[in-house]
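Novice: In the working numbering, the protein residues as written are 153 to 357. We treat Cβ as the ideally placed atom computed from N, Cα and C, and that holds for glycine.
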Amino acid sequence: MVHGGMLNYIWGVMILIGVIYGALNGTIQEVGDQMISSTKEAISLCIVMAGVTALWMGMMQIATSAGLIESMTDKMEPVIRYLFPRLPKKHASRKYIAANMIANVLGLGWAATPLGLKAMKELKNLEKERALTDQNKNRASDEMCTFLVINISSLQLIPVNIIAYRSQYGSVNPSAIIAPAILATMVSTFAAVVFCRIMNRKGSR
């Protein structure tokens, strides 16, 4: 993971290169105009994304209050057991992992993030309990690596963010991305599951 400070340097260098290039080519005015228009576009996009996120977060809250999410989490237990065979039963991380996966499937990546962080925290605590030496306490466990890979592959049935982007930028049919997104994320998730199972078996040996 790239440190936040490093990202600041990278963006700063990219902006500086753009300004210098524009100055050398006599297009500094165009660079300035684009920077101003981009800030307006960024604010507009944030408003659109905030609305879409609020809509789906509201639906997620309704589903939670109705007990639907809890029911789905319970039904995720066989999946959790298959992906994380060494994870103790009724461990605190299980519900966070299941809820994170459900949020990702529904396309609520922003809602899934805090759940993922809580899951990782619980998995880290579990690894500290298992560790035989202080050096091992800072190592990522099989469960942590598996969860990260599955999270990145992110099977999605409703790519909310992409639909919002397409709508913002004038797509005639923003939801046309749904079928390709489902296919692509199914393939990536399948590959992630196979990879994790192979690596976990190697680790157990």
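Report, in whole angstroms, the separation of the C-beta atoms of M338 and L307, which I expect to be a contact under 8 Å.
Specialist: Indeed, because the Cβ distance is near 6 Å, the residues count as touching under 8 Å.
Novice: Do you know how far the Cα of I310 is from the Cα of C297?
Specialist: 25 Å
Novice: Let's see if you can read the secondary structure: which residues bound the alpha helix (DSSP H) around N303?
Specialist: 294 to 305
Novice: Any idea if M158 is buried or exposed, counting beta-carbon neighbours within 10 angstroms, 16 or more meaning buried?
Specialist: exposed
Novice: Check whether the stretch 221 to 233 touches the stretch 254 to 272, taking contact to mean three or more Cβ pairs, one atom from each stretch, closer than 8 Å.
Specialist: The stretch 221 to 233 makes contact with the stretch 254 to 272: 3 or more CB pairs, one atom from each, lie closer than 8 Å.
Novice: On the DSSP letters alone, give me the boundaries of the alpha helix (DSSP H) that V324 sits inside.
Specialist: Segment: none, V324 is in no alpha helix (DSSP H) and carries neither H nor E.
Novice: Under a Cβ-count criterion, where at least 16 other Cβ atoms within 10 Å of its own Cβ denotes burial, should A343 be classed as buried or exposed?
Specialist: exposed
Novice: If we ignore side chains and look at the alpha-carbon of each, how far apart do F236 and I330 end up?
Specialist: 29 Å
Novice: Answer yes or no: do I314 and A336 have a C-beta to C-beta separation smaller than 8 Å?
Specialist: no
Novice: Which word fits E182, buried or exposed, when buried means at least 16 other C-beta atoms lie within 10 angstroms of its C-beta?
Specialist: exposed
Novice: Between R246, A264, L260, P326, which has its C-alpha nearest E274's C-alpha?
Specialist: R246
Novice: Give me the residue from A175, G174, A250 with the minimum Cα distance to K113.
Specialist: As displayed, the chain neither begins before 153 nor continues past 357, which places residue 113 out of reach and without an answer.
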